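So the structure is just underneath, and the comments pick up after that.
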Ligand SMILES: *Cc1c(COP(=O)(O)O)cnc(C)c1O
């Protein structure tokens, strides 16, 4: 199947399991216990040492099927499915780092990733430094230390939707022999394949676009050959496992991923083009707007976008004004997450960022454009903005 386009692969990759030849769709396997015909067969299931096919915690057929599909899409040596995107990030970092190591992480990463480094990894004797959202090689060279072990990147960055130059990051990581990790949740395996560009590890929250229905949690860690074995040991030792139900739902949702992303993209461009013209809006960070700061680097690595972007209100508007704005929306819901059928909005405080001055306001408004008719969303935003 190697010559098929990803869009076609999304439909059929899960059918590699031949046990149920008459059913189009793969069955759901739920089992904690795995049973064996003999002690010899049981022992063989655990070879080479600790690969662990002896217990359901390492994954039933459903989980393994999902992992194999994701590994294929991500061009990974192996993919490990875990309970959530956040657990994928925690596993990737803890699987790579040890006491005495130093980590470089983008200052503009997902808030829970920031909390994880600020509050957890420091307890285990690991240091970290933030780097700017779109770093130059010089920015990075200033921060690297003899004990720097890994670099953690987001593209685009959470809350501010900036696109770093991937070549700069990968070249830097290779020069200093760092393990490079990227959070690929925004793009999904459909829009971007970081391992092909030289990253060692791609994590993804499948809770977002891959699921598309806002009704499950799931994460993956896709590894190249260099990093897989050690990561798999870490997974067996402490990661939280995914529910087979959610892996099954992910395989189901995957079949409409291309269609949904195309619709989210089309509608979000319409909304973004309308927002950019509104006098109360200072800037719209949508990669498909040619004048946007997000456009230039995005087009170097991507040819599609989705429904998730941010905008800035004019500087005269405060957080409280913005709160009134979003309270006045009727269709767009207030809440975290993105990638589901529903349009969602939330405010992002940027004051904790190292270089908060680069933003046109000290908070951004993140908008996920759902599957509603975009004209209804524009009406909704128009009413709320006019009441501001
Ligand atoms: C939501 C999100 C995560 C965490 O995913 P969960 O599945 O909700 O734990 C990780 N990274 C980014 C960029 C996210 O937006």
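In this note's numbering, the protein residues as written are 316 to 703. Glycine included, each C-beta is placed from N, C-alpha and C at the ideal position. Source: prediction; values computed, not measured.
(request) For residue 415, I'd like the list of residues in its chain whose CB is within less than 7 angstroms of its CB, leaving aside the five on either flank, ordered along the chain. (result) Within its own chain, the residues whose Cβ lies closer than 7 angstroms to the Cβ of residue 415, once the five positions on either side in sequence are excluded, are 440 and 462, listed in chain order.
(request) Could you check which residue in 578, 604, 417 and 555 has the C-alpha nearest to that of residue 589? (result) Residue 589 has its Cα closest to that of 604, out of 578, 604, 417 and 555.
(request) Say whether the stretch 390-405 touches the stretch 443-451, bearing in mind that this needs 3 or more beta-carbon pairs closer than 8 angstroms, one atom from each stretch. (result) no
(message) Output needed for residue 519: all residues of its chain with C-beta closer than 6 angstroms, excluding positions within five of it in sequence on either side, in chain order.
(response) Correct list, in chain order: 499, 500 and 535.
(message) If the criterion is Cβ atoms closer than 8 angstroms, does the pair residue 409 and residue 517 meet it?
(response) no
(message) For residue 696, tell me which candidate among 660, 532, 465 and 487 has the shortest Cα-Cα distance.
(response) 660
(message) I'd like the span of the beta strand (DSSP E) that includes residue 560, first residue to last.
(response) Residue range 559-569 is occupied by the alpha helix (DSSP H) that includes residue 560, with no beta strand (DSSP E) assigned at that position.
(message) Quick test of the definition: if touching needs 3 or more C-beta pairs under 8 angstroms, does the stretch 574-587 touch the stretch 427-447?
(response) no
(message) Quick check on residue 493: buried or exposed, where buried means 16 or more other Cβ atoms within 10 Å of its Cβ?
(response) buried
(request) Tell me whether residue 467 counts as near ligand 1, meaning its Cβ is closer than 7 angstroms to at least one heavy atom of that ligand. (result) no
(request) Quick one: using the 10 Å Cβ neighbour count with 16 as the cut-off for buried, is residue 650 buried or exposed? (result) exposed
(message) Using only the alpha-carbon positions, how far apart do residue 508 and residue 353 sit?
(response) 42 angstroms
(request) Assign residue 627 to one of two classes, buried (16 or more other C-beta atoms within 10 Å of its C-beta) or exposed (fewer than that). (result) buried
(message) Give me the residue from 339, 615 and 318 with the minimum Cα distance to residue 482.
(response) 615
(message) Helix, strand or coil for residue 576? Go by DSSP, reduced to three states.
(response) helix
(request) Could you tell me if residue 382 is buried or exposed, where buried requires 16 or more neighbouring beta carbons within 10 angstroms of its beta carbon? (result) buried
(message) Does residue 487 pass the burial test, meaning 16 or more other C-beta atoms within 10 Å, or should it be called exposed?
(response) buried
(request) Can you have a look at residue 674 and say buried or exposed, based on whether 16 or more other CB atoms are within 10 angstroms of its CB? (result) buried
(request) With DSSP as the reference, label residue 631 as helix, strand or coil. (result) In the structure shown, residue 631 sits in coil (DSSP, three-state: anything other than H, G, I, E or B).
(request) Use the C-beta contact count for residue 688: other C-beta atoms within 10 angstroms, 16 or more gives buried, fewer gives exposed. (result) Counting C-beta atoms within 10 angstroms of its own C-beta, residue 688 has fewer than 16 neighbours from the protein chains shown and is therefore classed as exposed.
(request) Would you identify the three-state DSSP class for residue 337, choosing helix, strand or coil? (result) coil
(request) Tell me whether the beta-carbon of residue 526 lies closer than 8 angstroms to the beta-carbon of residue 568. (result) Cβ atoms of residue 526 and residue 568: closer than 8 angstroms.
(request) Tell me whether residue 473 is buried or exposed, calling it buried when 16 or more other Cβ atoms sit within 10 Å of its Cβ. (result) buried
(request) With DSSP as the reference, please indicate the residues paired to residue 348 in a beta bridge. (result) 370
(request) Take residue 634 and list the residues in its own chain whose beta-carbon comes closer than 6 angstroms to its own, dropping the five residues that flank it on each side. (result) 678
(request) Within its chain, find whatever has a CB closer than 7 angstroms to the CB of residue 425; leave out the 5 residues flanking it on each side and keep chain order. (result) 469, 473 and 498
(message) Less than 7 angstroms between C-beta atoms, sequence neighbours within five positions excluded: which residues of the same chain meet that for residue 456?
(response) none
(request) Kindly indicate which residue of 433, 491 and 471 has the alpha-carbon position closest to the one of residue 458. (result) 491
(request) Taking only the alpha-carbon atoms, compute the straight-line gap between residue 355 and residue 371 and give it to the nearest angstrom. (result) 18 angstroms
(message) Starting from residue 683, trace the beta strand (DSSP E) in both directions and tell me its first and last residue.
(response) 678-683
(message) Quick check on the DSSP output: the alpha helix (DSSP H) that includes residue 387 runs from which residue to which?
(response) 376-388
(message) I'd like to confirm something about residue 679: is its beta-carbon nearer than 7 angstroms to some heavy atom of ligand 1, or not?
(response) no
(request) Look at the alpha carbon of residue 385 and the alpha carbon of residue 555, and state the distance between them as a whole number of angstroms. (result) Distance between the alpha carbons of residue 385 and residue 555: 18 angstroms.
(request) Report the rounded CA-to-CA distance for residue 662 versus residue 611, giving the unit in angstroms. (result) 25 angstroms
(message) Measuring only the C-alpha atoms, how far is residue 618 from residue 580?
(response) Rounded to the nearest angstrom, the gap between the Cα atoms of residue 618 and residue 580 is 11 angstroms.
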